[in-house]
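Note that the sequence shown ends on residue 291 in the UniProt record's numbering; no numbers are left out.
For each residue, glycine too, the CB sits at the ideal point set by N, CA and C.
Report on the following structure.
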Amino acid sequence: MMAYRLPPYSWDSHIHVIDPENFPLSPDRTYTPLPAPISAAKKHCEAQSISHPVIVTAPVYGTDNTILLEALKAFSPNAIGVAVLDPFSDPPPSPETLQSLHDAGVRGLRINSADNPSESVLRAHAELCMPHKWVLQLHIPLDAFATLHKLIPTLGVPVVADHFASVSAGQNPYSQRGFAEVVDLMKRGELWVKISAPHLDSQFGEDENYADMGVVAKELLGEAPRMCVYSSGWPHVQGAMGGDPLEIRPFRDVDDSAFVDVVKGWVGNWRAFQQIMVDNPRRLWGWEGRD
1 MMAYRLPPYS WDSHIHVIDP ENFPLSPDRT YTPLPAPISA AKKHCEAQSI SHPVIVTAPV
61 YGTDNTILLE ALKAFSPNAI GVAVLDPFSD PPPSPETLQS LHDAGVRGLR INSADNPSES
121 VLRAHAELCM PHKWVLQLHI PLDAFATLHK LIPTLGVPVV ADHFASVSAG QNPYSQRGFA
181 EVVDLMKRGE LWVKISAPHL DSQFGEDENY ADMGVVAKEL LGEAPRMCVY SSGWPHVQGA
241 MGGDPLEIRP FRDVDDSAFV DVVKGWVGNW RAFQQIMVDN PRRLWGWEGR D
């Protein structure tokens, strides 16, 4: 499906690269995906007319960011990276390590947790982000935002929530604990949200325009259009679902170009589409004035 066209210099704020042959996966991983090497990531971006990908260290690599650094070299100078670090490691990440990552193109750190992270975890990650004004990226349960509502504005760094802030589809979003707090933070300019990966929760496919997630998307876009960024979530891994973590799992069957068309329909007009694809990610990732 190629009915869409993108504004020049469009961004995809969330992709992964996975290459077990050249970059071994973590022995502690909870699932094993198919390969999605750097060459495939470049083809994805070319096919989607994406000028600027944000490459996020995949969970299957733990805190090993080696493949991220290699991908940033391959995409240089048009990509940026989001790394994963453990601020409580012994020794903790050094200023030299942070500088090296920054020089390579890293502009954010990710927390990926099925549980609600503690204040100490968020503050420790934010402290690592501060020297270079990195973004703190959160993939956490929606209800965590109710608890973190007052904390997030005090962290001193930009914060972005993955995948619609983990809102569940098919029900009134305001009936879910944490959604009102997400919207409030967005309206105050304290939280960004990725309009990404609706297939993770939607009961509908792209042929039905992810109708249940559309309710959520339109609310977020309507309340805080300047705080939303488009992301594909390519290559659409099937994460931890129990079973043998060494069993290789195929990717989800997702039509990325169809999702772009869906997003274009959600935003409603070309100016708003330009905003979510270009203007907003430039502000979030510190790219203003570079294209």
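- Within the same chain, Cβ atoms closer than 7 angstroms to the Cβ of E247 are found at T32, the five residues on either side in sequence being excluded.
- If you look at R107, you'll find it in the beta strand (DSSP E) that goes 106 to 112.
- Relative to the Cα of Y61, the nearest Cα in the group L72, P8, D28 belongs to D28.
- Per DSSP, the unbroken alpha helix (DSSP H) holding H125 starts and ends at 119 to 129.
- In the three-state reduction of the DSSP assignment, Q137 falls in the strand class.
- H16 sits close to A36, with the two beta carbons spaced by under 8 angstroms.
- DSSP places P53 within a strand segment (E or B) once states are collapsed to three.
- According to DSSP, G81 shares a beta bridge with I55, V106.
- The shortest CA-to-CA distance from L191 to any of P92, F88, V54, R283 is the one to R283.
- G178 is positioned such that its CB atom lies closer than 8 angstroms to that of A146.
- Looking at N78, G189, I195, K150, the one whose alpha-carbon comes closest to that of G265 is I195.
- Taking P173 as the centre and dropping the five residues before and after it, the same chain places the C-beta of V167, F179, V215, V216, E219 closer than 8 angstroms to its C-beta, in chain order.
- Taking C-beta atoms under 8 angstroms as the contact rule, T66 and F23 qualify, at a distance of about 6 angstroms.
- Two segments are said to touch when three or more pairs of C-beta atoms, one from each, lie closer than 8 angstroms; by this definition the region 118 to 135 touches the region 92 to 105.
- Judged by beta-carbon spacing, I140 lies beyond the 8 angstroms limit of R107, meaning their Cβ atoms are not closer than that value.
- If you look at V159, you'll find it in the beta strand (DSSP E) that goes 159 to 161.
- Exclusion of the five residues before and after S49 leaves L6 as the residues of its chain whose Cβ lies within less than 6 angstroms of its Cβ.
- Residue state for S231 is assigned as strand, using DSSP reduced to three classes.
- By the neighbour-count definition (other C-beta atoms within 10 Å, threshold 16), S175 is an exposed residue.
- In the three-state reduction of the DSSP assignment, D12 falls in the strand class.
- Using a Cβ distance threshold of 8 angstroms, R252 and Q275 do not count as a contacting pair.
- Using a C-beta cut-off of 8 angstroms, the region 220 to 229 makes no contact with the region 150 to 157, since fewer than three inter-stretch Cβ pairs fall below that distance.
- For the pair V267 and L221, the CB atoms are nearer than the 8 angstroms cut-off.
- Following the DSSP letters along the chain, one finds W270 in no beta strand (DSSP E) but inside the alpha helix (DSSP H) bounded by residues 270 to 274.
- Inclusion of H163 and L185 in the CB contact set at 8 angstroms is not warranted, their separation being larger than that value.
- Ranked by Cα distance from V183, the first of G205, P245, L142, A169 is L142.
- Distance from the CA atom of F259 to the CA atom of N209, rounded to whole angstroms, is 8 angstroms.
- With fewer than 16 other beta carbons inside 10 angstroms of its own, S94 counts as exposed.
- Around the CB of S10, 16 or more other CB atoms lie within 10 Å, so the residue is classed as buried.
- Within the same chain, Cβ atoms closer than 7 angstroms to the Cβ of E181 are found at F145, A146, H149, the five residues on either side in sequence being excluded.
- Shortest Cα-Cα distance from L128 to any of Q171, E96, V54, I55 involves E96.
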